[in-house]
Amino acid sequence: MESNQKSSFQEIPKLNEELLSKQKQLEKIESGELGLNKIWINITDMNKQISLLNSAVNHLKANVKSAADLTSLPVTVEGLQKSVASIGSTLNSVHLAVEAMQKTVDEHKKAMELLQSNMNQHSLETRGSNQIIPSPSAPSELDNKTHSENLKQDILYLHNSLEEVNSALVGYQRQNDLKLEGMNETVSNLTQRVNLVETDLVAMSKVEKQANLSFSMMRDRAATLKRESLHQVTSRTDTVKTQSMKKEDSSDAQVSKLREKLQLISALANKPESNRPPETTHEEQVQSVTSKPSALPEFPQSLGDHTEKAAQLRPVSLPGISSIKDLQDFFHKTGQNMDGKLTYQEIWNSLGSAAPAPESLREFDADGDGRYSFLELRAALGV
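If you want it as structure tokens, here you go:
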């Protein structure tokens, strides 16, 4: 018993040292080189880079023309195409009018040539008649003079009409030339505008593609960095949790062992003198150990009586539980720790039909609450 007391007193500072080491590990996880603070700084840097990327993309969008101009570009191009088509139709109509005027001018020329030939023939005939008839009569000469004057007037009229037609043709040609020059200028301007619009569209599409590519690349980079940081955080937290759980389990097991030892010591200390074994004669040492509130908890006297009575009862058997370790695992499996208690229904749910009868377990229920602690089940199993 003295050795158990010494070992229990030696294990308590070890537990304190383990708790201090756990606290140091938690501090390292929070403020170490790869701790949570460093990961948080990396996440803030990533957010700053993402904000810079957003500002750059907004600047690119501001430099590019507005969406309304882009949407109105097809409409303007269609209007330009319609105007070019109307100009082509007017050019065709002007060409047809020029051809018609050319035909009329050719007809006038033919008529003038016919009149000229008729005049030449008439002049030759009049000359021949004057040579054959040297002494014409007075009335025939008057008729010839009037006829020749009429012919001269007709010829003058034809000349004047031809000059007017020629001047009109020249005016029409000048007007057509001016119209054609203006149309050529407008067509060239339209083609230049269309080319500029096409180049602007190509440049804008290239700029948008580059911006989209850069934004997508940076977004993917940020996503990967976030995933890596979150993975690091989760992995570290998982490792810390597993380590803390393992250490807590080990510390709980050690604490439970210490409590069992202390309970047995208190139970033996509370036994009457006639029932004590000859080895436990050092009453003063036991009382001095149990009187310390900082190291050993106080237990009621009924627990010692119950352990003494349970030792006289017939133990029960639980399948798969033959040691203290198995009993601890059974408690952990049911979701309880060493300080908890299990009902008969929970025991039956875990073991099924292999569970012992409730009457056999009820004999080991010290406080009669229908729930069984670790010590009660240990006494019932006799381990």
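Note that this note's numbering gives residue 314 to position 317 of the sequence shown, counting from 1, and the numbers run on in steps of one. We treat Cβ as the ideally placed atom computed from N, Cα and C, and that holds for glycine. None of the values given here were measured: they were computed from a predicted structure.
What three-state label does DSSP hand residue i in the structure shown?
| i | result |
| --- | --- |
| T196 | helix |
| T87 | helix |
| G76 | helix |
| S291 | Low confidence applies here, because S291 scores a pLDDT of 37, under 50, leaving its location unreliable and the question unanswered by this model. |
| N13 | helix |
| A59 | helix |
| D323 | helix |
| I130 | With a pLDDT of 44 at I130, under the threshold of 50, the modelled position of this residue cannot be trusted; read the value that follows with caution. Coil. |
| N141 | helix |
| G379 | coil |
| G349 | helix |
| A363 | coil |
| A354 | coil |
| N1 | helix |
| T331 | coil |
| N272 | Residue placement at N272 is flagged as unreliable, the pLDDT there being 42, under the threshold of 50; the coordinate-derived value follows with that caveat. Three-state DSSP puts N272 in coil, outside helix and strand. |
Rounded C-beta distance between residue i and residue j? I'm assuming under 8 angstroms.
| i | j | result |
| --- | --- | --- |
| L12 | Q251 | 7 angstroms |
| A352 | I344 | 5 angstroms |
| I84 | M180 | 5 angstroms |
| S372 | Q260 | The sequence shown places Leu at residue 372, not Ser. Correct: roughly 6 angstroms between the Cβ atoms. |
| L121 | L155 | Wrong, their Cβ atoms sit about 20 angstroms apart, outside the cutoff. |
| L153 | M109 | Wrong, their Cβ atoms sit about 12 angstroms apart, outside the cutoff. |
| P316 | L348 | 6 angstroms |
| I318 | F327 | 6 angstroms |
| A377 | V313 | 5 angstroms |
| E8 | L255 | 6 angstroms |
Below 8 angstroms, is the gap between the Cβ of residue i and the nearest heavy atom of the ligand ATP?
| i | result |
| --- | --- |
| E356 | For the ligand ATP, the structure offers nothing, since it holds no ligand at all. |
Starting from residue i, follow its DSSP beta bridges and name the residues at the other end.
| i | result |
| --- | --- |
| I36 | Its beta-bridge partners do not exist; DSSP assigns none. |
| T340 | R368 |
| I318 | L315 |
Compare the C-alpha of residue i against each of the options and name the closest.
| i | options | result |
| --- | --- | --- |
| M43 | A200, A220, S350 and V162 | A220 |
| G337 | D249, K35 and S185 | D249 |
| E(-1) | K258, L315, H329 and P312 | K258 |
| N334 | Y369, M215, V91 and N1 | Y369 |
| S211 | W37, R190 and L49 | L49 |
| V102 | E15, V167 and T87 | V167 |
| Q118 | H105, S80, S145 and Q99 | S145 |
| L93 | K25, Y169 and K330 | Y169 |
| E161 | M116, S69, N209 and M98 | M98 |
| S320 | A363, V380 and S350 | V380 |
| D151 | L16, L88 and M116 | M116 |
Point to revise | Segments assigned beta strand (DSSP E), at least 3 residues, entirely inside the region 162 to 197 | key: none
Check your understanding: Taking only runs of the alpha helix (DSSP H) that begin and end inside the region 87 to 122, which ones reach a length of at least 4 residues, in chain order?
Key -> none
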